[in-house]
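When the sequence shown is numbered by the working numbering, its final residue is 535 and no position is left out of the sequence of numbers.
Ideal Cβ positions, reconstructed from N, Cα and C, are used throughout, including at glycine.
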Amino acid sequence: MEKTKVLPRLSFGAQTLAMLGALVSAVALPQLFHLVGALSGLGTALGATFLPMHMPIILVGFLAGPYAGAAAGALAPVVSFALSGMPTLAMLPLMIGELAAYGFFAGLLRNTKLPSFFKLLFVQLLGRAVRAAVTIVVVLTVSGTSIALSSVYTSILSGLPGILLQWATLPLLLFFVQSKLNGKKEN
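Next up, the structure:
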């Protein structure tokens, strides 16, 4: 079994640049998915299916740490809403909580001695748990009604292709980046 490589701690400037790169990606990728959805007649369904905001946020957490990940995760839906009106105002607090959790937990797990796939799985579970908690709080405080458990389940099912895409790509991206960083250390 290969020993987990420890990623170096990045300087504040490098973390800031990584966070800004993730922020730009997390705002631009959904727009690309919405454009493809509009051209294909699927509308915004592609965004809810493939979760394009999630991948850059999780990746920056794994690469730059919990603060850069949480900041990018919290800011991405706000910037996207300000520029495009997406996500909707009703979804905004849910996405802020979920994405900030993804980035934060990915950063906390970045140097744990677990395979990348299991780190990603934990991050996804924790992020969805935060989203469910925020959903419950928002529904109870805003409308005073209860929420059906099926709505949380439906949210997970509709995003299953995006979750599978993350499983297929993020561990490979992390392996690639880690091998490049370790190659630079040996030179």
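- Query: Under a three-way DSSP split, which group does N530 fall into?
  - Reply: Start at 1 with the first residue of the sequence shown, and residue 530 comes out as number 182. It is helical.
- Task: List the endpoints of the continuous alpha helix (DSSP H) containing V490.
- Result: For the purposes of this step, residue 490 is taken as residue 142 along the sequence shown, with counting starting at 1. Per DSSP, V490 belongs to no alpha helix (DSSP H) and is neither H nor E.
- How many whole angstroms separate the CB atoms of A448 and A422, which I take to be in contact at a CB cut-off of 8 Å? If you number the sequence shown from 1, residue 448 lands on position 100. If you number the sequence shown from 1, residue 422 lands on position 74. By a beta-carbon distance limit of 8 Å, A448 contacts A422. Their separation comes to about 4 Å.
- Query: Relative to the alpha-carbon of M303, which residue among A420, L512, K461, L457 has its alpha-carbon at the smallest distance?
  - Reply: A question about residue 303 goes unanswered here, because the residues of the chain that appear run from 349 up to 535.
- Mapping DSSP to helix, strand and coil, what is S359? Here residue 359 refers to the residue found at position 11 of the sequence shown. Coil, per DSSP.
- Message: Taking contact to mean 3 or more Cβ pairs, one atom from each stretch, closer than 8 Å, check whether the region 429-436 and the region 471-480 are in contact.
- Response: No, they do not touch.
- Message: What would DSSP say about G507, mapped onto helix, strand or coil?
- Response: Taking the first residue of the sequence shown as 1, we reach residue 507 at position 159. Coil, per DSSP.
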